[in-house]
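If you count by the UniProt record's numbering, then the sequence shown holds residues 1 to 299, one letter each, in order.
Before any comments, here is the structure.
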Amino acid sequence: MKIQKKMMLDFLTAYIINTMQTNGTLITQETAEFIKKYGFGIGLSFDGPFNDQTRGKTDYTLNAYDLLKQIDKRHGTISVIGAHNIHNLIDIYKYFNEKNISFKFSPMFDSGEAKNHCELLLTDPAEYADKICELFDYWMNDVDGNIEVRPFASYVSSYFTHHMRSCTKGNCMYHMASIYHDGKVYPCGRSYPEEYCLGNISEVKDIRNLFKEKVYQQIVNKRYIRENECRRQCNIFSYCNAGCNNDCILSGDITKPNMFQCISHQIILKHIHKRVKEVIETKRTINNYMMRIIKRYSR
1 MKIQKKMMLD
11 FLTAYIINTM
21 QTNGTLITQE
31 TAEFIKKYGF
41 GIGLSFDGPF
51 NDQTRGKTDY
61 TLNAYDLLKQ
71 IDKRHGTISV
81 IGAHNIHNLI
91 DIYKYFNEKN
101 ISFKFSPMFD
111 SGEAKNHCEL
121 LLTDPAEYAD
131 KICELFDYWM
141 NDVDGNIEVR
151 PFASYVSSYF
161 THHMRSCTKG
171 NCMYHMASIY
181 HDGKVYPCGR
191 SYPEEYCLGN
201 ISEVKDIRNL
211 FKEKVYQQIV
221 NKRYIRENEC
231 RRQCNIFSYC
241 NAGCNNDCIL
251 SGDITKPNMF
261 QCISHQIILK
271 HIHKRVKEVI
281 ETKRTINNYM
291 MRIIKRYSR
C-alpha cells in the first residue's frame, strides 16, 4: 500500500483499484478490516449447495460472508456451473436467494484445475442454454426475489442497448494486460498458454509497448479474421463482438468462435429478449430487480 500511495502522489492522474477473487477461507476479522480500510473489491468463489463437492471448506467461506457483512463490505460471488449441477440451477438460486446473496454463474471451462476433472465440463451448448433459460424464467417470476443473477441483468439491458456489458462479449484489444505473480505479462487475467506471454514486466519500460509485441499483433490479426467471419454470418454480432479471445483459444482456434459459447449465447439472448418484450407489452408483475432494469431504460 505504501508503494501505491507513492505512485499516486508521483503520478497525480493515476487511479488504482484493488480487487481480489478468493474462496474466502483465509479471511479473518483482521483481514476483513484491512479490506474495508483500503477499499479492496472482493469477489468470492462459492458454489452454493455444491461447494463441498467442488471447492470444500464451505463453513470457512460462509464465515467470510459474515465477516464482510459485519463491516458492511459489498462483494460479488461467482458460482461455477458444470455437469455436476446443470440440472439443479433453480436449487442453487433458491440457496443464494435465501441468504440474500447476489451471484454470477459461469460455465466451467477447460483450463487450470478443471483439466483434471473433464467429467465436469459441459459439452452440450443447447442443453446448457435451455437450463439457463429455465433459471431465468424462475428468477423473473420470483416476485419475492431481489437478488441480482448475472449475467441476466446484462442480457435484459441488451434488449434496449443492443450490446452486452461483459468483457467476454466486447473487444478488449489494447485495453487490458495482466501481470502474473512471476512477472510474466499476458493479454488478460485468464489462463493462457505460454506462447501468448507478452514478456516480463521487469523488462518493460512503457506498458504501451506490450501492445506492439509480435505476439500481441498476432492475436489482433487472428481476432480480426474471426470478427470478419462472425460479422458476415451472424445477425447478433453487436451482442458478442465475436466473443472472447481466451474462450476461442481454449476451444482450439482463436480465428474461429468458441461454438459452445456462440450457440448457447444465441439461444439465451433470443429467449430473454422475448421475455422482456412480453413484460413490456403485458405489464405483468415480475421480480423487483428485473423490473428496475426495464424501468430504467423505459423512461
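We treat Cβ as the ideally placed atom computed from N, Cα and C, and that holds for glycine.
Keep in mind that this is a model prediction, so the values were computed, not measured.
- Taking C-beta separations shorter than 7 Å and ignoring five residues to either side along the sequence, the partners of Gly183 in its chain run Asn200, Ile201 and Ser202, following chain order.
- A distance below 8 Å between beta-carbons, with the five flanking residues on each side excluded, links Lys73 to the following residues of its chain, in chain order: Ala32, Ile35, Lys36 and Ile42.
- Pro151 has its alpha-carbon roughly 33 Å from the corresponding atom of Lys212.
- Excluding sequence positions up to five before and after Ile132, its CB lies within less than 6 Å of the CB of Ile268, all in the same chain and listed in chain order.
- Contact check between the region 103–110 and the region 149–164: three or more CB pairs, one atom from each, fall below 8 Å, which counts as touching.
- DSSP assignment within the region 227–282 yields the following whole alpha helix (DSSP H) runs of 4 residues or more, N-terminal first: 245–250 and 259–282.
- Less than 8 Å divides the Cβ of Leu122 from the Cβ of Ile86.
- The beta-bridge partner set that DSSP reports for Lys104 consists of Ile78 and Arg150.
- Taking 8 Å as the cut-off, the Cβ atoms of Lys57 and Thr22 do not count as close.
- According to the DSSP assignment, Ile92 belongs to the alpha helix (DSSP H) that extends over Leu89 to Glu98.
- Of the other Cβ atoms in all chains shown, fewer than 16 fall within 10 Å of the Cβ of Phe237; this residue is therefore exposed.
- Phe50 sits away from Met20, with the two beta carbons spaced by 8 Å or more.
- Taking all protein chains shown into account, Ile17 has fewer than 16 neighbouring C-beta atoms within 10 Å of its C-beta and is therefore exposed.
- Three or more Cβ pairs drawn from the region 225–240 and the region 248–258 lie within less than 8 Å of each other, which places the two stretches in contact.
- Take the alpha-carbon of Ile71 and the one of Lys277: they are about 40 Å apart.
- Annotation: Ile17 is outside any alpha helix (DSSP H) and is labelled neither H nor E by DSSP.
- The C-alpha of Asn100 lies about 43 Å from the C-alpha of Lys222.
- Going by DSSP, Lys57 is part of no beta strand (DSSP E) at all; its letter is neither H nor E.
- Per DSSP, Ile293 is one residue of the alpha helix (DSSP H) stretching across Asn288 to Ser298.
- For Thr285 and Ile249, the gap between their C-alpha atoms comes out near 42 Å.
- In the three-state reduction of the DSSP assignment, Lys184 falls in the strand class, which pools E and B.
- Beta-bridge partners assigned by DSSP to Ser178: Tyr186.
- Between Thr168 and the set Tyr95, Asp124, Trp139 and Asn245, the nearest pair of CA atoms involves Asn245.
- When C-alpha distances from Glu30 are compared across Leu67, Lys295, Ala177 and Arg226, the shortest belongs to Leu67.
- For Ala64, the number of other beta carbons within 10 angstroms of its own is at least 16, and it is reported as buried.
- Beta-carbon to beta-carbon, Asn146 and Tyr297 are separated by about 19 Å, too far to satisfy the 8 Å threshold.
- Separation of the CB atoms of Arg275 and Met140 is rounded to 6 Å, and the pair is thereby assigned contact status at 8 Å.
- When DSSP reads this structure, Asn200 sits in a beta bridge with Lys184.
- Contact annotation: Asp247 and Gln261 have beta-carbon atoms nearer than 8 Å.
- Cβ-Cβ separation between Tyr196 and Val215: approximately 6 Å, consistent with a contact (criterion under 8 Å).
- Within 10 angstroms of the beta-carbon of Asp91 lie fewer than 16 other beta-carbons, which makes it exposed.
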